[in-house]
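Inspection log for the structure reproduced underneath, given as structure tokens.
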Amino acid sequence: MNSLSILILHIIILIFVLLSCTISVIVLILSFIFLRPTRLSLPILLTCNTYVTIVILSCTLVNIEAHSIYGYFYPAISFENRLCEILGYFTHVAFCAFYYSFVLQAIFRLFRIIFYENKVLQSFTIFIVGIIIQWLLSFALILSDFLLHDFQYVPDQYNCLIGLKNTRGLASVAFIIYGCSLLFVCLMYGFSFGYIRRLNPNQRRRQKSNKRDELMLKRVTILLLIQLAMSIPTVIIFVIYIITNNLLKWVYLVQFMHISVILLFTSVILVFLTPKMRNIFRKNRRVLPMITIMTTRPFLIETGRL
Numbered sequence: 217m218n219s220l221s222i223l224i225l226h227i228i229i230l231i232f233v234l235l236s237c238t239i240s241v242i243v244l245i246l247s248f249i250f251l252r253p254t255r256l257s258l259p260i261l262l263t264c265n266t267y268v269t270i271v272i273l274s275c276t277l278v279n280i281e282a283h284s285i286y287g288y289f290y291p292a293i294s295f296e297n298r299l300c301e302i303l304g305y306f307t308h309v310a311f312c313a314f315y316y317s318f319v320l321q322a323i324f325r326l327f328r329i330i331f332y333e334n335k336v337l338q339s340f341t342i343f344i345v346g347i348i349i350q351w352l353l354s355f356a357l358i359l360s361d362f363l364l365h366d367f368q369y370v371p372d373q374y375n376c377l378i379g380l381k382n383t384r385g386l387a388s389v390a391f392i393i394y395g396c397s398l399l400f401v402c403l404m405y406g407f408s409f410g411y412i413r414r415l416n417p418n419q420r421r422r423q424k425s426n427k428r429d430e431l432m433l434k435r436v437t438i439l440l441l442i443q444l445a446m447s448i449p450t451v452i453i454f455v456i457y458i459i460t461n462n463l464l465k466w467v468y469l470v471q472f473m474h475i476s477v478i479l480l481f482t483s484v485i486l487v488f489l490t491p492k493m494r495n496i497f498r499k500n501r502r503v504l505p506m507i508t509i510m511t512t513r514p515f516l517i518e519t520g521r522l
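Read in order, the letters of the sequence shown are residues 217 to 522 in the numbering used here.
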């Protein structure tokens with residue numbers, strides 16, 4: 217792969233990340249405009265939480281790609297400093313918070329299915345605290361990699377990353393970010409599925425609500441599995457490195473490409489996975505044409521008289 221191809225890939229990654237950020241910001245702004253505080257629900261709050269993590273992660277990735285593109289034109293430049301390590305750390309924290317936001321959505325669905333009578337577990341206060349814990353956990357769990365100096369400066373990438381030769385660091389981050397989030401979501405889906413199957417006929421009144429929450433849990437699980445499948449090329453490259461001890465020059469590009477695709481895919485699909493948010497945008501699309509008709513009708517009548 218020549219240097220021009222590498223530059224083009226960096227630009228494509230940057231475009232994907234900017235698109236993800238733009239879509240997320242638009243969704244957040246529209247949600248803020250069209251939603252009154254009295255209409256704000258927990259599913260929408262938790263979906264907006266995921267969009268916030270996408271925006272923050274996108275901002276860190278834009279900085280990383282800007283360094284790489286700048287380094288292409290000025291190869292002698294170096295960004296090796298403490299700030300570079302902090303940026304690498306914060307990027308992984310944001311990525312961790314992104315995946316853990318789905319765990320929080322799964323917890324909410326589990327509470328609605330199993331602890332539906334306990335309104336405290338379905339309160340805004342509990343899940344606002346949950347969002348704070350989500351971020352604190354992300355900072356705490358990735359901190360060990362930062363303290364062990366796993367985020368090393370990679371000269372040809374002009375950024376501080378966890379190198380593929382650092383097997384311990386990679387395994388630690390992969391387990392914390394991917395492994396834990398997927399494990400918890402799958403367990404919650406399993407618990408809710410088993411609980412619904414054990415319901416007796418007297419509890420079937422909640423069957424419709426439970427089925428809806430179970431479907432949402434299933435969608436979150438499938439979304440995480442799709443995101444995990446997108447990382448298969450990176451895993452294959454890592455296996456090739458272990459077998460041949462040959463580190464491909466464009467391996468980091470593949471990593472960032474798969475992350476940018478995940479962010480773009482999630483930012484688009486997330487609205488459709490949240491029924492209440494989808495309904496809000498549908499209603500507002502119907503309201504706007506009605507407003508247009510009502511405002512233009514007097515003008516049309518007056519014209520007819522002329």
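Each residue gets a CB set at the ideal place from its N, CA and C atoms; glycine is no exception.
Taking residue i and residue j to be in contact with their CB atoms under 8 Å, please state how far apart those CB atoms are, rounded to whole angstroms.
i	j	result
C376	G304	4 Å
S240	I270	4 Å
C300	Y369	6 Å
T437	Y405	5 Å
F306	T276	6 Å
F343	L433	Wrong, their Cβ atoms sit about 16 Å apart, outside the cutoff.
L489	L439	7 Å
Y267	L486	7 Å
Identify the residues that DSSP records as bridge partners of residue i: which are they?
i	result
C275	In DSSP, C275 forms no bridge with anything.
Given residue i, which residues of its chain have a CB within under 6 Å of its CB, disregarding the five upstream and five downstream residues?
i	result
L478	The sequence given here has Ile at residue 478, not Leu. Excluding residues within five positions, the ones whose Cβ falls inside 6 Å are Q443 and M446.
L225	L469
D429	R325, R328 and I329
P491	none
G346	L320
T508	Confidence at T508 is low in this model, with a pLDDT of 40, below 50, so the placement of that residue should be treated as unreliable; the coordinate-derived value is given next. Counting only Cβ-Cβ distances below 6 Å, and skipping sequence neighbours, we find nothing.
C237	V271 and S274
S483	S236, I239, S240 and I270
I452	none
I227	none
Which residues in the same chain have their Cβ closer than 8 Å to the Cβ of residue i, if we skip the five residues on either side of it in sequence?
i	result
T511	Because T511 carries a pLDDT of 40, less than 50, the predicted location of this residue cannot be relied on, and the following value inherits that uncertainty. Contacts found: none.
Y394	Y315, L444 and S447
L234	S274 and V278
N334	F327
D361	Y305, H308, F367, I378, G385, S388 and V389
CB-CB under 7 Å to residue i, same chain, minus the five flanking residues each way: which ones, in chain order?
i	result
V309	S354, F355 and I358
G287	I293 and Y374
F454	L380
D366	I378, N382 and G385
L398	L440 and L444
How would you write the range of the beta strand (DSSP E) that residue i sits in, first residue to last?
i	result
Q368	Q368 to V370
L377	N375 to L377
Could you tell me the distance, in whole angstroms, from the CA atom of residue i to the CA atom of residue j?
i	j	result
V503	W466	Bear in mind that the predicted position of V503 carries a pLDDT of just 44, short of 50, making it unreliable; the figure below should be weighed with that in mind. C-alpha separation (whole angstroms): 49 Å.
F407	M473	35 Å
F481	F400	22 Å
I260	S476	24 Å
Q338	F318	16 Å
F515	L244	At F515, the pLDDT of 36 sits below 50, so the modelled position is not reliable and the matter cannot be decided from this model.
I456	S221	22 Å
L230	W351	25 Å
V336	R435	25 Å
C402	I392	15 Å
A282	R413	52 Å
N495	S247	11 Å
L363	F250	44 Å
F340	N265	13 Å
N461	Y332	54 Å
A322	Q471	27 Å
S284	N297	15 Å
I349	P449	32 Å
I302	A387	20 Å
P371	L223	15 Å
P291	V389	29 Å
F289	S219	11 Å
F409	K427	9 Å
I242	I458	43 Å
Where does the unbroken alpha helix (DSSP H) through residue i begin, and where does it stop?
i	result
Y315	R298 to I330
I452	I448 to T460
L363	F340 to L363
A292	Premise fails: A292 is in no alpha helix (DSSP H) and is neither H nor E.
T383	T383 to A390
S247	S219 to F250
G406	C396 to R413
T482	V467 to L489
Taking 7 Å as the cut-off, does the CB of residue i come closer than this to any heavy atom belonging to the ligand PLP?
i	result
V389	Absence of the ligand PLP is noted for the structure shown, with no ligands found whatsoever.
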